[in-house]
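Here's the structure, in structure tokens; my notes come after.
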Amino acid sequence: MDLTLTWALIIAFAIAAYVVLDGFDLGLGILFPLFPARRDRDIIMNSVAPVWDGNETWLVLGGGGLFAAFPMAFAILMPALYLPVYAMLLALVFRGVAFEFRWRSRQRRHWWDASFIGGSLVATLCQGIILGAILEGITVDGRRYGGGAFDWLSPFSALTGVALVAGYGLLGATWLLMKTEGELAERARALAWRFALATLGFVAAVSLWTPFLSGGYAERWFAMPALVFTAAVPLAVAGLALLLFRSLHVHRHEARPFLLSLGLFGLSFLGVGISIFPDVVPGAVTIWEAAAPPISQTFMLIGTAILMPLILGYTGYAYWVFRGKVDPAAGYH
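Residue numbers (this note's numbering): 620 to 952.
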């Protein structure tokens with residue numbers, strides 16, 4: 620067994636699980652300004668209330684796993700991304716506080732609604748900017764970060780930040796379509812259509828820009844024989860997009876648009892993996908160069924093999940228990 624590759628796959632899975640599970644959660648906050656009525660906002664919050672606070676588990680696993688399994692990469696990436704990482708974490712904390720306080724502080728509910736919106740938007744923007752900054756490349760000096768405090772901010776990272784806002788908005792809209800009924804669900808369907816168009820436009824823009832960031836990216840995508848396999852990714856994206864629009868407009872499904880949107884995110888994540896693998900710091904450090912000693916990886920793998928099934932189990936159980944439509948008469952108190 621290649622322990623380093625195993626840990627790279629574990630961390631990639633944790634990050635993907637976080638994007639899937641917390642993406643629609645943050646997307647609901649992004650959509651909040653488009654639903655000004657208190658009743659609609661209460662239903663939106665109730666749709667995610669039973670599960671939202673467990674979604675960040677995967678973010679902790681991804682970040683902690685990077686620190687433990689790839690300490691050199693953590694030591695390079697964190698100084699390069701201190702500001703967006705801390706802004707993201709503070710936004711997630713403030714957003715969580717707003718989630719609870721809006722139910723109790725009735726006279727100041729509008730302030731906490733604004734905090735929920737702002738925290739969701741800032742956290743999403745920062746996550747997209749972090750992705751863009753990593754793809755664009757981190758300046759490495761020996762075994763440490765060699766750039767400045769604001770190297771993470773660029774036109775490309777700003778594009779990926781806005782792209783993720785559109786993508787999470789799509790997840791939030793399709794989640795609402797799946798979990799609600801009546802007028803609220805129809806408004807979510809209309810928003811899902813618009814956010815789907817925006818998301819696909821941003822995916823195309825990022826995909827066309829990425830190969831020009833590094834010669835290595837272009838080679839991984841367009842060199843033979845890799846092209847035989849990588850060409851299937853954009854074709855699959857086009858196919859899923861067609862199914863998504865038909866599901867929203869022609870067949871008017873309720874749950875399928877959410878699953879198809881998750882598929883689009885999965886293909887986008889696969890595209891990122893194709894671009895950077897086997898590097899953990901693109902163009903500078905591979906996963907094997909950044910890896911912890913084998914004995915450390917083995918020790919952590921034993922604990923992860925015990926904990927990850929438990930996390931998957933209670934997460935799946937929570938979503939199963941709270942499956943189905945939201946009851947508008949039910950409250951989160």
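Think of the CB as a built atom: it goes at the ideal place given N, C-alpha and C, for glycine as much as any other residue.
It should be emphasised that the depicted structure is a prediction, and the values quoted were computed from it without experimental measurement.
In the DSSP secondary-structure assignment, VAL904 is bridged to VAL900.
When DSSP reads this structure, ARG762 sits in no beta bridge, so it has no partner. Excluding five sequence positions before and after GLN746, the CB atoms of its chain that fall closer than 7 Å to its own CB belong to MET707 and LEU783, given in chain order. Where LEU740 is concerned, the enclosing alpha helix (DSSP H) starts and stops at 728 to 755. Collapsing the DSSP output to three states places ARG725 in a helix. One alpha carbon belongs to PHE918, the other to LEU628, and they sit about 17 Å apart. Annotation: the continuous alpha helix (DSSP H) that includes PRO853 extends over 851 to 864. With contacts defined as CB atoms closer than 8 Å, GLY738 and ALA710 qualify as a contacting pair. The closest CA to that of VAL759, considering only ALA850, MET697 and ILE649, is found on MET697.
Put simply, of ALA636, ASP672, LEU650 and GLY684 the residue whose alpha carbon is nearest the alpha carbon of THR625 is GLY684.
Counted as a single uninterrupted DSSP element, the alpha helix (DSSP H) harbouring ARG658 occupies residues 657 to 667. Between ALA636 and TRP671, the CB-CB gap reaches or exceeds 8 Å. In this structure, DSSP gives PHE918 a helical state, which the three-state scheme calls helix. In this structure, the beta-carbon distance from ALA785 to PHE814 falls below 8 Å. According to the DSSP assignment, LEU819 belongs to the alpha helix (DSSP H) that extends over 801 to 828. Rounded to whole angstroms, the gap between the alpha carbons of ALA688 and VAL904 is 14 Å. In the same chain as ARG875, and ignoring 5 residues on each side of it, the C-beta atoms closer than 7 Å to its own belong to SER866, in chain order.
Unbroken alpha helix (DSSP H) runs of no fewer than 4 residues, entirely contained in the segment 672 to 705, are found at 676 to 688 and 690 to 699, following chain order. Counting only the Cα atoms, TYR836 lies some 13 Å from VAL825. Burial is judged here by how many other beta carbons sit within 10 angstroms of a residue's own beta carbon; LYS944 has fewer than 16 and is exposed. Linking LEU810 to GLY820 through their CA atoms gives a straight-line distance of about 15 Å.
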